[in-house]
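Residues 0 to 260, numbered by numbering that gives the first Met the number 0, are exactly what the sequence shown covers, in order.
First the structure, in the form of structure tokens, and then the observations on it.
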Amino acid sequence: MMTRSPQSQPAATVRDVPPYTRLAPVYDAVMAHVDYAHWAAYAHGRLQRHHPDPQTLLELGCGTGALAVELQPLGGYDYRATDASADMLAVARATAEERDVPVRFAEMDFTALAVDERFDAVVLLYDGLNYLQEPPALQALFRGAHDALRPGGVFLFDQSTPVNSINNAQLFDDAGEVDGIAYERRSAYDPATRTHVTTFELTVDGRTYRERHVQRAYTPDEIRAQLRATPFEQVAAYDNFSTAPATDASERIHWVVRRPR
Ligand SMILES: C[S@@+](CC[C@H](N)C(=O)[O-])C[C@H]1O[C@@H](n2cnc3c(N)ncnc32)[C@H](O)[C@@H]1O
0 MMTRSPQSQP AATVRDVPPY TRLAPVYDAV MAHVDYAHWA AYAHGRLQRH HPDPQTLLEL
60 GCGTGALAVE LQPLGGYDYR ATDASADMLA VARATAEERD VPVRFAEMDF TALAVDERFD
120 AVVLLYDGLN YLQEPPALQA LFRGAHDALR PGGVFLFDQS TPVNSINNAQ LFDDAGEVDG
180 IAYERRSAYD PATRTHVTTF ELTVDGRTYR ERHVQRAYTP DEIRAQLRAT PFEQVAAYDN
240 FSTAPATDAS ERIHWVVRRP R
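Have a look at this one:
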């Protein structure tokens, strides 16, 4: 009888699944380092600064609604929040209900926005833009955001820059366990293509699932050039949650652009 060497034992199968499916239930725990109350206060402050009286707000890529439940009460906004992931939205809906925050959620790809109303502000925070691999997708996002705004309305969005990927690569890797779901996060950045790949392995009930998140780190000049090709007026580019202008050393940039009146 032949004995199987340890090497010949079948490896545990890892099933590839789309981003934000298996991650959704543990997303808030994985992002526990993010101070969403602070982010909301910053976004609210920038909206108040650049719009005379923002009342209606459309959030894109809202994920689990962590920003929405903090930001809506600050302005008493009539708040609509969208995301492409049904699994993230399921968490978002439950959180908003639990916190009793009035937010209307809808599943929507932000490169193909279809909204039947116009807003004073559109907001997209925390790397949603980085998921867009090619400039035509950026143009689709910008076109949709523009058309969703009332004249004079503002679009506030952020981007993670190549500097962030280079400076903080080691911070992106971690592992942990939440509610019986073990996760491991690894990231790799290729400076030649400025592609940042984050891989999550999530193990639940003995089964392991892998999500591969591919993002692109655009330079500030690339974003500026893409914005010039839109009808938007460029209003401000802020360095990382500050009111100081962004520079080539910025790790995160908050852009504010306006639909002309
Ligand atoms: C890093 S998460 C950020 C979520 C949330 N904004 C936050 O601050 O926690 C990125 C989100 O963008 C969403 N997303 C990525 N590409 C998208 C697209 N084309 N349309 C809509 N949502 C998208 C993902 O589903 C995910 O929820």
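Every residue gets a Cβ at the ideal spot worked out from N, C-alpha and C, and that includes glycine.
Just so we're clear, the structure is a prediction, and the values are computed from it rather than from any experiment.
Less than 9 Å between the beta carbons of residue i and residue j, yes or no?
i	j	result
GLU106	LEU88	yes
VAL177	HIS49	no
LEU56	GLY74	yes
PHE156	GLN225	no
Mind checking residue i: buried by the 16 CB within 10 Å criterion, or exposed?
i	result
GLN214	buried
PRO18	buried
ARG79	buried
VAL102	buried
GLN54	exposed
LEU170	exposed
PRO24	buried
GLU97	exposed
ASP15	exposed
Run through DSSP, which three-state label would residue i get?
i	result
TYR188	strand
PRO219	helix
HIS32	coil
THR202	strand
ARG3	With a pLDDT of only 42 at ARG3, under the threshold of 50, the placement of this residue in the model should not be trusted, and no figure is reported.
GLN8	Annotation note: pLDDT 48 at GLN8 (below 50); position unreliable, coordinate value reported separately. Correct three-state label for GLN8: coil.
PHE231	coil
ARG103	strand
TYR26	helix
PRO244	strand
TYR41	helix
ALA111	coil
Quickly, what does DSSP pair residue i with across the bridge? List them, please.
i	result
ARG117	DSSP, once it has assigned bridges, lists no residue as partnering ARG117.
LEU57	ARG79, VAL121
TYR208	ARG14, LEU201
HIS236	This sequence places Ala at residue 236; His is not what is there. Its beta-bridge partners are TRP254.
Specify, as a first and last residue, the run of the alpha helix (DSSP H) that residue i falls within.
i	result
HIS253	From DSSP, HIS253 is part of no alpha helix (DSSP H) but of the beta strand (DSSP E) over 251 to 257.
GLY74	67 to 74
Hey, quick one: how far does the beta strand (DSSP E) through residue i stretch, first residue to last?
i	result
GLU97	No beta strand (DSSP E) holds GLU97; the alpha helix (DSSP H) holding it covers 85 to 98.
PHE154	148 to 159
VAL177	173 to 177
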